[in-house]
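A.B. asks: Residue numbers (the working numbering), protein chains in the order written: chain F, 14 to 323; chain A, 4 to 185.
C-beta: ideal position from N, C-alpha, C; glycine also.
This is the structure, below, for whatever I ask next.
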């Protein structure tokens, strides 16, 4: 098995466990590459990649761009704010125009769920989903699981709790798929207004008490409250949310075992996680960012291997 | 498939010993020299040379492995991408004399990639090439080895395989020739 079973990365749901393990194994090599004096390999020098960001992003966009450049791909960037999208062009038209300039792969973030899949069925280029609305964010889930594997040796059998705004989180959904495929147990925790109905059907546990959730888990993934996606009030105030679901040092130290704290970023310090926890030894937040580049290099490398030569 | 042993275990051992002495002739005590084996099979040659060299010299010889997967010139020309192996170069190669080591030198393309990959770690003073088997007259690129265990003349259809005591149960080099009626 040294080929991905998929042609595009639109979601973790479509990947097999073998795919995920292949990505991790490849990422191990790239992690070594990005720690060399010259952090660059020439593999993708005949490939052009377009980064299409129809929604704001700092970390993901930088991480993808670095990954592409370290593979020697040519990179073009596009953000919705400065484009013809504002003039009424459709997604397919925008993308097809970019593809006429001979682009081989598209990395896209879009506010509409399913946008990446929609695109992958209609264009002649590889598509990597960098987040589609509240649906999936596959590379984030891969790097989260990769970081757990790095710290704990394996993901199999580990207990992971995802805390926060599960309802609006693409990170949560992708993480649930990814962790379960690798044999981990997953629990979601948050105010019941922010837990999607029927989420138990995905095979996850639901807990509304943060302390009980933390006592159960090996790893806690703290999510941000996505105020920009919330059209109504889901809880009385941020202060109240923070008191019930915020992770602070006191809680962390009172737990029976040392858990690992993760956060996909951006952090709202003092809301879902306090500064002393975010900067503590138990936090692997910055390792997640470092691993993000290696994991994205692996995804792009493995998908690029499937591009036919002209 | 016809099988012919071109280096048996006794000659194998002699060849390794000779290569080590040749290396010592030009690198003295190895204080400025390092051995780097190309993944996957050059690594076996390095570990054998290291053992032998350390016995003769009486001190440690610095060795590393280099994976060249991402530097190959046939990415996307193959059916499937190659799975990379580990690279372990936890020393500085800047200003050192590097001896690249592989088991079989054939088209020279692996070595070309290896040189590229090596330069990502710094600028060595000098790079030399050691190969256990040289399939001469079969080069695609202008690359020659400085130290050769044994030169063999082969057809493109033939295959040369180095077997190791640690892995295959016996040290030997085998030449496989396909049957003419195949």
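Mapping the DSSP letters down to three states, classify residue 260(F) as helix, strand or coil.
C.D. replies: By 1-based counting over the first chain, the position of residue 260(F) is 247. In the structure shown, residue 260(F) sits in a strand (DSSP, three-state: E or B).
A.B. asks: So with CB distances below 9 Å, who are the chain A contacts of residue 15(F)?
C.D. replies: As a working note, residue 15(F) is residue 2 in the first chain. By Cβ distance, chain A contributes 83, 84, 85, 86.
A.B. asks: Could you say if the segment 132-140 of chain F and the segment 19-29 of chain F meet the contact criterion of at least three C-beta pairs nearer than 8 Å?
C.D. replies: Yes, the segment 132-140 of chain F is in contact with the segment 19-29 of chain F.
A.B. asks: Got a sec: which bits of the segment 26-51 of chain F sit with their beta carbon under 9 Å from any beta carbon on chain A, in order along the chain?
C.D. replies: Result list: 35, 38, 39, 41, 42, 43, 45, 46, 49, 50, 51.
A.B. asks: Residue 54(F) touches chain A at which residues, Cβ-Cβ below 7 Å?
C.D. replies: Residue numbering aside, residue 54(F) sits at position 41 when the first chain is read from its first letter. Chain A residues near residue 54(F): 73, 74.
A.B. asks: State the beta-bridge partners of residue 61(F) as determined by DSSP.
C.D. replies: Translated into positions along the first chain, residue 61(F) becomes position 48. Answer by DSSP bridge pairing, in chain order: 87(F).
A.B. asks: Take residue 150(A) and list the residues in its own chain whose beta-carbon comes closer than 6 Å to its own, dropping the five residues that flank it on each side.
C.D. replies: Numbered from its first residue, the second chain carries residue 150(A) at position 147. Only 22, 25, 133 meet the Cβ criterion.
A.B. asks: Check whether the Cβ of residue 94(A) lies closer than 9 Å to any Cβ atom in chain F.
C.D. replies: Within the second chain, residue 94(A) is the residue found at index 91, counting from 1. Chain F, which has no Cβ nearer than 9 Å to the Cβ of residue 94(A), makes this no.
A.B. asks: Which residues in chain F have a C-beta closer than 7 Å to the C-beta of residue 180(A)? List them in chain order.
C.D. replies: Start at 1 with the first residue of the second chain, and residue 180(A) comes out as number 177. Chain F residues near residue 180(A): none, gap ~29 Å exceeds 7 Å.
A.B. asks: Within the segment 95-170 of chain F, note down every full beta strand (DSSP E) run reaching 3 residues or more, in order along the chain.
C.D. replies: DSSP runs (the beta strand (DSSP E)) wholly in the segment 95-170 of chain F: 118-123, 139-145.
A.B. asks: Taking Cβ positions only, does residue 111(A) come closer than 9 Å to chain F?
C.D. replies: Residue mapping note: residue 111(A) aligns to position 108 of the second chain, counting from 1. With 9 Å as the cut-off, residue 111(A) does not count as an interface residue toward chain F.
A.B. asks: Straight-line CA distance for residue 209(F) to residue 180(F)?
C.D. replies: Translated into the one-based positions of the first chain, residue 209(F) becomes position 196. Translated into the one-based positions of the first chain, residue 180(F) becomes position 167. Cα-Cα distance, rounded: 5 Å.
A.B. asks: In or out: residue 62(A) buried (at least 16 other Cβ within 10 Å) or exposed?
C.D. replies: Start at 1 with the first residue of the second chain, and residue 62(A) comes out as number 59. Residue 62(A) is exposed by the Cβ-count criterion.
A.B. asks: When you compare only the Cα positions, how much space is there between residue 91(A) and residue 68(A)?
C.D. replies: Indexing the second chain from 1 puts residue 91(A) at position 88. Indexing the second chain from 1 puts residue 68(A) at position 65. Distance between the alpha carbons of residue 91(A) and residue 68(A): 5 Å.
A.B. asks: Going by C-alpha distance, which of 153(A), 183(A), 51(A) is nearest residue 109(A)?
C.D. replies: The residue labelled residue 109(A) in the question sits at position 106 within the second chain. Looking at the Cα atoms, 153(A) is the closest of the given residues.
A.B. asks: Are the segment 226-244 of chain F and the segment 169-176 of chain F touching, with three or more C-beta to C-beta distances below 8 Å?
C.D. replies: Touching, yes.
A.B. asks: Below 7 Å on C-beta distance, what does residue 138(F) contact in chain A?
C.D. replies: On the first chain, residue 138(F) is found 125 positions in, with the first residue counted as 1. Chain A residues near residue 138(F): none, gap ~15 Å exceeds 7 Å.
A.B. asks: Between the beta-carbon of residue 286(F) and the beta-carbon of residue 227(F), is there less than 9 Å?
C.D. replies: The residue labelled residue 286(F) in the question sits at position 273 within the first chain. The residue labelled residue 227(F) in the question sits at position 214 within the first chain. Not in contact: residue 286(F) and residue 227(F) (Cβ atoms no closer than 9 Å).
A.B. asks: Could you tell me the boundaries of the beta strand (DSSP E) in which residue 106(A) lies?
C.D. replies: Mapped onto the second chain, residue 106(A) falls at position 103. Residue 106(A) -> beta strand (DSSP E) spans 100-108.
A.B. asks: Go ahead and pull the three-state DSSP assignment for residue 45(A).
C.D. replies: Counting from 1 along the second chain, the entry for residue 45(A) is found at position 42. Helix at residue 45(A).
A.B. asks: If contact is defined by three or more beta carbon pairs under 8 Å, each pair taking one atom from either stretch, is the segment 261-277 of chain F in contact with the segment 113-128 of chain F?
C.D. replies: With the cut-off at 8 Å, the segment 113-128 of chain F and the segment 261-277 of chain F do not touch.
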